[in-house]
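First the structure, in the form of structure tokens, and then the observations on it.
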């Protein structure tokens, strides 16, 4: 059984720009959050909601490649 713990909530923003670990979020993203998922091993997941209400999630690796992969997946869902 997986245990899920929310790390944070909402959109990352600084000075009015919407950033996710220093990279600009796609315009069609309404909400982003990171979650810890425990299913025998601790892992992270990024979850997002598009402006039309669709919910998405994917495994997240806390690295530059992981951030780029998450931003790319968000762009594909907008």
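Numbering (our numbering), first residue to last: 5 to 82. Just so it is clear, CB atoms sit at the ideal spot from N, CA and C, and this is done for glycine as well.
Query: Compute the distance between the beta-carbons of residue 41 and residue 52, then report whether it is under 8 Å.; Result: no
Query: In three-state terms, what does DSSP make of residue 5?; Result: With a pLDDT of 48 at residue 5, under the threshold of 50, the modelled position of this residue cannot be trusted; read the value that follows with caution. In this structure, residue 5 counts as coil in the three-state DSSP scheme.
Query: Can you tell me which residues form a DSSP beta bridge with residue 64?; Result: 48
Query: Using CA coordinates, which residue listed in 74, 47 and 55 is at the minimum distance from residue 27?; Result: 74
Query: Sorted by chain position, which residues of the same chain lie with C-beta nearer than 6 Å to residue 32's C-beta, five sequence neighbours on each side aside?; Result: 54, 55 and 82
Query: Please state if the CB of residue 48 and the CB of residue 62 are separated by a distance shorter than 8 Å.; Result: no
Query: Could one say the Cβ of residue 28 lies closer than 8 Å to chain C's Cβ atoms, at least one of them?; Result: Although the question refers to chain C, the structure presented lacks it and comprises just one protein chain.
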